[in-house]
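Accompanying notes for the structure given below.
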Amino acid sequence: MQEVRQHRRGFTIIEVVVSLAILLIIFSLAFSGISSFLRIRTYYDQEMTLQQNFRYALTKITGDLMQASKPNDANFDIILKPNDSLNTGNAMGEELIFTYYDGTNTWDIRYRMEQTNNGNAVYKVKYPHGTNPTSIGEPVTEYMKQLVKLYFVRQGGKVVVIMVGKINYFGKEQSVSYTSLIFSRNSNEQSP
C-alpha cells in the first residue's frame, strides 16, 4: 500500500491573523517609541535654545558690566536703579542700565527684552548718559518664541539676571528659569 501525502501550501487563516496582530503590536510600539523620542528631542531643543542664548547674553552683559565706570567727580551710581524703583524702592526691574566712562564721554548701556513678530530677544543699546536712547538697539540673542521675561535684580554692584521661558512638553507648557549673579568691576563704589 502506498500512503497518500497531502502537502500543505500557504498559511491558514488563523496563522495569518496571528501574524498580522503581532506585526501590528510591533509597529504600534515602534511608532510610540519614535514619537516619544521626537517629543523629548523637541523639548530639549527648546531648552538648549534658551540655555545657549542665556549664556551668550550673560557673556555680553558680564563683559560690559566689568567695564562699567564713571568719572571721578560723578555723583551717580554706576548701575542705575530701575525706573520703578523711584516709587517703590524696588531694586528689581525688566531692564539693566549702567554707565561706562571712556575717558572723555559717559555712556549709558541698557539691556532689556524686546518683543517682536519674530519672537523675543535681549537687546543692548548704548547712548549718551542723561539722554534717552534713539533706538531699541541691537539684538544680543536670537529671536525666541520661548523667551517670556527677563529680570535684573540690583543690589549694590551685584546684578542677578533671571531669564524666564516657556517650553512645550507633550502638549503642555512648562515654565523654566535661569539665574546668574554678576559682579561689576567697581562694585565697591555702589550704594545698596
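Terminal number for the sequence shown in this note's numbering: 237, no gaps in between.
Each residue gets a CB set at the ideal place from its N, CA and C atoms; glycine is no exception.
* **Coil, strand or helix - Y101 by DSSP** => helix
* **Residue of I154, N98 and D90 minimising C-alpha distance to I124** => I154
* Asked: Cβ atoms of T144 and K115: under 8 Å apart, would you say?
  -> yes
* **Min CB distance Y156 to chain D below 8 Å** => The structure shown has no chain D; it contains just one protein chain.
* From the DSSP output, in three-state form, read off N132 for me. => Confidence at N132 is low in this model, with a pLDDT of 49, below 50, so its placement is unreliable and the value that follows should be read with caution. Of the three classes helix, strand and coil, the one that applies to N132 here is helix, per DSSP.
* Where in the region 139-186 do unbroken runs of the beta strand (DSSP E), each at least 3 residues long, occur, reported from the N-terminal end onward? -> 140-146, 151-161 and 164-173
* Could you check where the beta strand (DSSP E) with I207 kicks off and where it finishes? -> K203 to Y214
* Under a three-way DSSP split, which group does Y88 fall into? -> helix
* Asked: Between R84 and the rest of its own chain, which residues show a CB-CB distance below 8 Å, the 5 nearest in sequence each way excluded?
  -> Y214 and F215
* Below 8 Å between beta carbons: does that hold for M189 and F99? -> no
* Out of T186, L141, F72 and Q96, which has the shortest C-alpha to C-alpha gap to V161? -> In the sequence on display, residue 161 carries Thr and not Val. Measuring from the Cα of T161, the nearest candidate turns out to be T186.
* Are the beta-carbon atoms belonging to V206 and I212 less than 8 Å from one another? -> no
* To do: Kindly identify the DSSP beta-bridge partner or partners of K217.
  => Y214
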